[in-house]
Amino acid sequence: MARAEAGALLQLFGQAGARRIDLPVLQPADPFLETAGEAVRRRMFVTEGATGERLCLRPDFTIPVALAHIGTADGPARYAYEGLVFRRGDDGAVEERQAGVEDYGDADTASADARVLGFALSACRHLGASPSIQVGDQALFDALLAALELPAAWRARLSRAFGGAPLSDARLRRLTLAEPIEAERLPAPVRDLSGGPLREALRVLAAASGVSPGVGRSAEEIAERYETVRALSEERLDDARRAALSDYLALEAPLPRAGEAVAAIARRHGIGLDASLGEFAARADALAEAGAWDGATFAAAFGRPLDYYTGLVFELGENGRTIAGGGRYDKLLALLGGEAAPAVGFTLFLDRFEPS
Amino acid sequence: MTPLTLALPSKGRLRDDAIARLADAGYAVETENDARAYRAGITGRPEIEVAFLSAGEIARELAAGSVHLGVTGEDLLRESVPRPEEATAVLSRLGFGHADVVVAVPELWIDVWSMSDLDDVAAGFRARHGRRLRVATKYWNLTQGFFASHGVALYRIVESLGATEGAPASGAAEVIVDITSTGSTLKANHLKVLSDGVILRSEAVLALSRRAAWSGAQRAAGETFAGAVNGARDEPIGAIFEALGSRS
């Protein structure tokens, strides 16, 4: 990918109001580890700064752009970037050239989603690609979990598992299983206790085992989850709700018909999803206006296994390769220590484009 | 021929058990002159030179290819590089030095018994405590691989080079991944092993370095030696040594 072409892309983004932002290659390592967890550490090139602080070669742009925004800006902003990222690929690859846009602070999320997907598509077309489009929605899955009135602990697990390994029936069963806690396994002082006495007994135990006050999980935290798990261990995911989840997860439909298809599943299983489907339809309309209608597929099971993604996710592909990806991550800025704000963006994997 | 290098643990039960096993196989390590020497010979076997190193160093040197053979803990071998099979091969399991690498949490956590429970706690931890759950360990690779296989991603590893079991009480971490043999140290520190929290049942192994430079003569001597040492074999020794030939 010639730098000239990347430069032309930035001009294109500039015309659409995205300000070019330059970022250091050397970044603090902790924000990447805090957001993506240990899974990213293996792939990162980590080093030490002059005063022992942990640094890395940036493995992506989304985090650095967000950090720069938190440090300097207030209110809505739109940034464009281009340059190299560094990751240990399975194939030994180290450097990748990327470009992309981050869009913060627009409360009209349907328009922002459509705008960003529109940028991604124009950029691909500008580079000579006519990509296929796949779209998913984390928020719609979360709405389904709520509408099914699943216990909060199960909702949290299933929401977290969404977007990772496929949620087969077997996996759904495993995620909603809780083994009963046999009394003999519990420390004697807490057996058969609940409420205030349980919390007091836990505090006494903690002190007796030499734990400094305020260190680790509190007695309240432990007791709360213990009581929840005990209550849940008697329950099982019933066939009706499991069937509803399976039907939904199996859905793949052309985007213009996706809203209808989801509504049909909701009707079939007696689930109330009207409000969420209204939002889904509004965004689908916005996407249509942005020219993202034709050839776009909605796949209900498609998501990203990172806990800061909150809504739309999308991938653009050509000849079996993903050439661009993006989505909405409304939790990202707060996770990085900034003020909560809507955030949506995408990245183009420039090395994967056929030379034009 | 240049002797092949055999690395043995430099101290403790592991050293004594390794030397005894070699003696049983007819390979008597000559340590009488100076018990603290780093190098030693084997009576009547000039084709093998012994180097005494810490068990951790042995694993690293095998992975790097600077020794040909070594006796060390399987836990250390699997920890030394992310893909151990590419760098080393286990020739036999020696049946001593048994210890398990385990995930342990405070006994106080009466709601946590499995990795699935730990996943739930890790996910909710940041919201309550403002940071990710911390796991203290020296086993980076084993921990990352095991946690990933259980779908647990929302945690951070904090390096622990010694007294890992003290980390939860002192507040340095919430969870530990450590090696245990009798379980008494865990108990003394009020920690318990998760029901599905055994990452590796380790024992001392005789291992070979795939990355070392092996001459034909060294391969022959190594194969004879490995065949003489008693132990459980998962794979025929001949096949492992043959694979060396096609690489050099």
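These protein sequence lines are chains A and B, in that order. Numbering-wise, the working numbering puts 191 at position 191 of the first sequence, and it's gapless, one number per residue. So the mapping is simple: the working numbering equals the position in the second sequence, first residue as 1, plus 356. Beta carbons: idealized from backbone N, C-alpha and C, even for Gly. Owing to the predicted nature of the structure, the values given are computational and were not obtained by experimental measurement.
Using 8 angstroms for Cβ pairs, my map puts residue i next to residue j. What's the rounded Cβ distance?
i	j	result
residue 101 of chain A	residue 162 of chain A	Not quite, the Cβ-Cβ distance comes to about 25 angstroms (not below 8 angstroms), so this is no contact.
residue 103 of chain A	residue 85 of chain A	At roughly 20 angstroms, the Cβ-Cβ gap does not stay under 8 angstroms, so residue 103 of chain A and residue 85 of chain A are not in contact.
residue 396 of chain B	residue 406 of chain B	4 angstroms
residue 429 of chain B	residue 362 of chain B	At roughly 16 angstroms, the Cβ-Cβ gap does not stay under 8 angstroms, so residue 429 of chain B and residue 362 of chain B are not in contact.
residue 360 of chain B	residue 375 of chain B	In fact, because the Cβ distance is near 18 angstroms, the residues do not count as touching under 8 angstroms.
residue 357 of chain A	residue 145 of chain A	No answer is possible for residue 357 of chain A: it lies beyond the span of chain A, which begins at 1 and ends at 356.
residue 38 of chain A	residue 503 of chain B	7 angstroms
residue 153 of chain A	residue 228 of chain A	6 angstroms
residue 56 of chain A	residue 46 of chain A	5 angstroms
residue 280 of chain A	residue 120 of chain A	That pair is no contact at about 20 angstroms.
Going along the chain, which residues of its own chain have a beta-carbon closer than 8 angstroms to the beta-carbon of residue i, five neighbours each way excluded?
i	result
residue 250 of chain A	300 and 301
residue 8 of chain A	126
Around the Cβ of residue i, are there at least 16 other Cβ atoms within 10 angstroms (buried) or fewer (exposed)?
i	result
residue 545 of chain B	buried
residue 48 of chain A	exposed
residue 134 of chain A	buried
residue 194 of chain A	exposed
residue 44 of chain A	buried
residue 444 of chain B	buried
residue 357 of chain B	exposed
residue 516 of chain B	buried
residue 454 of chain B	exposed
residue 196 of chain A	exposed
residue 35 of chain A	buried
residue 72 of chain A	exposed
residue 401 of chain B	buried
residue 192 of chain A	exposed
residue 377 of chain B	buried
residue 578 of chain B	buried
residue 340 of chain A	exposed
residue 149 of chain A	exposed
residue 315 of chain A	buried
residue 11 of chain A	exposed
Using CA atoms only, rank isn't needed, just tell me which of the options is closest to residue i.
i	options	result
residue 393 of chain B	B:366, B:361 and B:372	B:366
residue 550 of chain B	B:587, B:594, B:464 and B:560	B:464
residue 431 of chain B	B:421, B:424 and B:412	B:412
residue 277 of chain A	A:9, A:229, A:137 and A:353	A:137
residue 30 of chain A	A:337, A:343, A:354 and A:349	A:337
residue 27 of chain A	A:39, A:8, A:20 and A:68	A:68
residue 187 of chain A	A:60, A:171, A:204 and A:153	A:204
residue 556 of chain B	B:433, B:420 and B:369	B:433
residue 234 of chain A	A:189, A:124, A:284 and A:178	A:178
residue 183 of chain A	A:248, A:255, A:331 and A:226	A:226
residue 174 of chain A	B:403, B:438 and B:473	B:473
residue 166 of chain A	A:246, A:22 and A:76	A:246
residue 231 of chain A	A:170, A:151 and A:110	A:151
residue 275 of chain A	A:248, A:142 and A:332	A:142
residue 538 of chain B	B:442, B:456, B:564 and B:439	B:456
residue 350 of chain A	A:314, A:121, A:98 and A:331	A:98
residue 580 of chain B	B:569, B:598 and B:451	B:598
Short of 6 angstroms in beta carbon distance, which residues of its chain neighbour residue i, apart from the five on each side in sequence? Order them along the chain.
i	result
residue 514 of chain B	490, 492 and 529
residue 114 of chain A	286, 287 and 290
residue 318 of chain A	129 and 131
residue 78 of chain A	17, 18 and 103
residue 459 of chain B	533, 550 and 553
residue 481 of chain B	489
residue 309 of chain A	138, 327 and 329
residue 40 of chain A	32
residue 109 of chain A	342
Can you find the residues in the same chain that come closer than 7 angstroms, C-beta to C-beta, to residue i, ignoring five residues on each side of it along the sequence?
i	result
residue 382 of chain B	584
residue 521 of chain B	532, 534, 541, 542, 545 and 547
residue 202 of chain A	190, 219, 222 and 223
residue 478 of chain B	489, 508, 510 and 511
residue 93 of chain A	none
residue 199 of chain A	219, 220 and 223
residue 525 of chain B	545
Shorter than 7 angstroms, the distance from the beta carbon of residue i to the closest heavy atom of the ligand FMN, or not?
i	result
residue 404 of chain B	For the ligand FMN, the structure offers nothing, since it holds no ligand at all.
- [ ] Could you please tell me which residues of the region 273 to 294 of chain A, in chain order, have their CB closer than 7 angstroms to any CB of chain B?
- [x] none
- [ ] Determine which residues of the region 452 to 471 of chain B have a Cβ less than 9 angstroms from any Cβ of chain C, and write them out in chain order.
- [x] You won't find chain C in this structure, because its protein chains are A and B.
TODO: Check distances from the C-beta atoms of the region 155 to 181 of chain A to those of chain B and list, in chain order, the residues that come in under 9 angstroms.
DONE: 156, 157, 160, 161, 164, 165, 174, 175, 177, 178, 179 and 181
Open item on the list: Along the region 494 to 518 of chain B, where does the CB come closer than 9 angstroms to a CB of chain A? Name the residues.
Closed with: 496, 497, 499, 500, 503, 504, 507, 508, 509, 510, 511, 512 and 513
Open item on the list: Counting only Cβ-Cβ distances shorter than 9 angstroms, please list the residues of the region 430 to 449 of chain B near chain A, keeping chain order.
Closed with: 438
- [ ] Output, in sequence order along the chain, the residues in the region 184 to 208 of chain A whose CB is closer than 8 angstroms to any CB in chain B.
- [x] 185, 186, 187, 190, 202, 205 and 206
Task: Within 7 angstroms of chain B by C-beta, residues of the region 216 to 235 of chain A in sequence order - done: 216, 217, 221, 222, 225, 226 and 229
Open item on the list: Output needed in chain order: residues of the region 35 to 53 of chain A with a Cβ under 8 angstroms from some Cβ in chain B.
Closed with: 36, 37, 38, 39, 41 and 42
Task: Residues of the region 520 to 538 of chain B whose Cβ lies closer than 8 angstroms to any Cβ of chain A, in chain order - done: 524, 525, 526, 527 and 530
Open item on the list: Against chain B, which members of the region 13 to 33 of chain A pass a CB distance test of less than 8 angstroms?
Closed with: 33
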